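Worksheet for the structure shown next.
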Amino acid sequence: PVPVVAVVGRPNVGKSTLVNRIIGRRQAVVEDVPGVTRDRVPYDAQWSGRQFTVVDTGGWEPDARDRAAAIAAQAEIAVATADVVLFVVDAVVGATDVDEAAVRMLRRSAKPVILIANKVDNAATEIEATSLWSLGLGEPFPISALHGRGAGDLLDAILDAL
Ligand code: GDP
Ligand code: MG
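This is the structure:
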């Protein structure tokens with residue numbers, strides 16, 4: 003079977019932008035408005051001759067209600083059915099309470115997690131990414147999903163984790 007990589011995180015951290023970067027085409031919907039991706043959306047990806055499925059999800063939030071609860075539930079199903087999880091955090095904003103709640107959800111899942119420090123568009127922002135060590139998920143992986151900075155190294159790390 004083709005291995006599955008789920009991309010999760012709170013709204014607007016750049017999950018869909020990262021999915022497009024991984025698959026090498028603009029297929030996942032990127033929006034400034036949170037809540038655009040509602041379901042789990044799988045895409046075919048390949049890197050270094052290996053194939054995998056990358057699953058985009060909507061923004062995860064704790065104690066969500068109504069529509070947001072359905073989105074969060076879908077994200078949790080994506081985690082439960084993944085081989086590896088990419089947990090995306092906005093390095094410019096830093097770790098929020100919602101990020102910390104997501105870490106607790108991910109711990110309960112016991113899945114392997116790669117911590118992505120997104121929006122590291124330049125060397126200066128890398129300093130801010132180091133603060134994400136506080137999430138307790140090990141070394142943050144600094145990338146710019148928008149500009150591609152660090153994307154090759156991340157894809158290598160994903161294959162190593164599969
Ligand atoms: P999602 O809600 O987590 O799927 O986030 P999106 O992928 O839709 O992105 C939300 C916003 O963040 C959009 O305006 C993106 O262009 C922007 N964004 C995503 N990745 C980056 C990045 O690496 N750097 C910067 N500066 N902006 C980004
Ligand atoms: Mg999205």
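The numbering of the sequence shown is our numbering, which starts it at 3 and goes up by one. Note that CB positions come from ideal geometry on N, CA and C, so glycine has one too. Every value quoted in this text rests on a predicted model; they were computed, and no experiment measured them.
Give a single yes or no on whether residue 17 has its beta carbon closer than 7 Å to a heavy atom of the ligand MG.
yes
Through-space distance from residue 57 to residue 49, alpha-carbon basis:
16 Å
Can you name, in chain order, every residue of its own chain whose Cβ lies under 7 Å from the Cβ of residue 128, other than the five neighbours on each side?
122 and 144
Shorter than 7 Å, the distance from the beta carbon of residue 58 to the closest heavy atom of the ligand MG, or not?
yes
Can you give me the C-alpha to C-alpha distance between residue 132 and residue 159, rounded to a whole angstrom?
18 Å
In three-state terms, what does DSSP make of residue 157?
helix
Any non-hydrogen atom of the ligand GDP within 7 Å of residue 148 CB
yes
Helix, strand or coil for residue 76 per DSSP?
helix
As assigned by DSSP and simplified to three states, the class of residue 165:
Absent from the model: residue 165. The displayed extent of the chain is 3 to 164, so no value can be given.
DSSP has residue 1 in a bridge; who is on the other side?
The chain is shown only over 3 to 164; residue 1 falls outside these bounds and no answer can be derived.
Hey, residue 55 and residue 7: beta-carbon distance below 8 Å or not?
yes
What whole-angstrom Cβ distance do residue 108 and residue 140 have, given they're in contact under 8 Å?
Wrong, their Cβ atoms sit about 12 Å apart, outside the cutoff.
By how many angstroms is the C-alpha of residue 135 removed from the C-alpha of residue 18?
23 Å
Between the CA atoms of residue 12 and residue 161 - distance to the nearest angstrom:
24 Å
Identity of the residue in 95, 44, 92 and 153 nearest residue 76 by Cα:
44
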